[in-house]
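Number 39 in UniProt numbering belongs to position 39 of the sequence shown; there are no gaps in the numbering. All C-beta atoms in this analysis are idealised placements derived from N, C-alpha and C, irrespective of residue type, glycine included. Just so it is clear, the structure is predicted and the values come from calculations on it, not from any experiment.
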Amino acid sequence: MNNNYKIIKENKNTRDIKKWALNLTIENMKQYNSTSLYKYTKNKSISNKKSEFIICYFLNKKVGFCMIRKENRLIFIYEIHVTFEHRSKGVGTLLLDFCKKYYLNQKKYENLVLFVLKNNYKAISFYEKSNFLIDKSYDDSILHYCYKFNLNNKF
1 MNNNYKIIKE
11 NKNTRDIKKW
21 ALNLTIENMK
31 QYNSTSLYKY
41 TKNKSISNKK
51 SEFIICYFLN
61 KKVGFCMIRK
71 ENRLIFIYEI
81 HVTFEHRSKG
91 VGTLLLDFCK
101 KYYLNQKKYE
111 NLVLFVLKNN
121 YKAISFYEKS
131 NFLIDKSYDD
141 SILHYCYKFN
151 LNNKF
């Protein structure tokens, strides 16, 4: 892994960060959904005041992000995206590992939870390699799988 990558949990969710995150999300997901309704719902989600951003920088340029929200003892990962040029370089792993360590140390959260489209095979493989387990108690058999990472387990 290149030492020029840096992960920062942003304390201020600026308009610039939200706009960049929305554009990257839409670009990365256009093969799955490119409707105006999708763009609208993603914009609402990213603009949510409860959304927190963890950004990966490469030489001070944003190249990936993870958007989370806290609910009770759970951390929901709503989005995780990496720019095309920085895929398969460990950026996604850096972002997930940062989340695991950061929230593990806070000791008040039980799980990282995320949902993934059933036909997003690359993402499914990535989450499984990152020790996320499918949660079979969640049943949305049409579109998504639910994956969890137990923060009580050491990794």
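Next item on the list: Please go through the segment 4-50 and give each complete alpha helix (DSSP H) segment of 4 or more residues, from N-terminal end onward.
Entry: 15-29 and 36-47
Check: What residues are listed by DSSP as bridge partners for residue 111?
Finding: 74 and 150
Item checked: With 16 other Cβ atoms within 10 Å as the buried cut-off, status of residue 32 -> exposed
Check: Between which two residues does the beta strand (DSSP E) harbouring residue 57 extend?
Finding: 52-58
Item checked: Nearest neighbour of residue 14, chosen from 54, 35 and 28 [CA to CA] -> 54
Next item on the list: Could you spell out where the alpha helix (DSSP H) holding residue 143 opens and where it closes?
Entry: First-last for residue 143: undefined, no H or E at that position.
Notebook entry, point to check: So residue 92 is in the alpha helix (DSSP H); what residue range does that whole segment cover?
Noted result: 91-104
Next item on the list: State whether the segment 145-155 contacts the segment 103-122, with contact taken as three or more CB pairs (one from each stretch) at a distance under 8 Å.
Entry: yes
Notebook entry, point to check: If you drop the 5 nearest sequence neighbours on each side, which residues of the same chain put their C-beta closer than 7 Å to that of residue 147?
Noted result: 114, 116, 127, 132, 133, 134 and 135
Check: In angstroms, rounded to a whole number, what distance separates the CA positions of residue 183 and residue 29?
Finding: Absent from the structure is residue 183, since the part of the chain shown begins at 1 and ends at 155.
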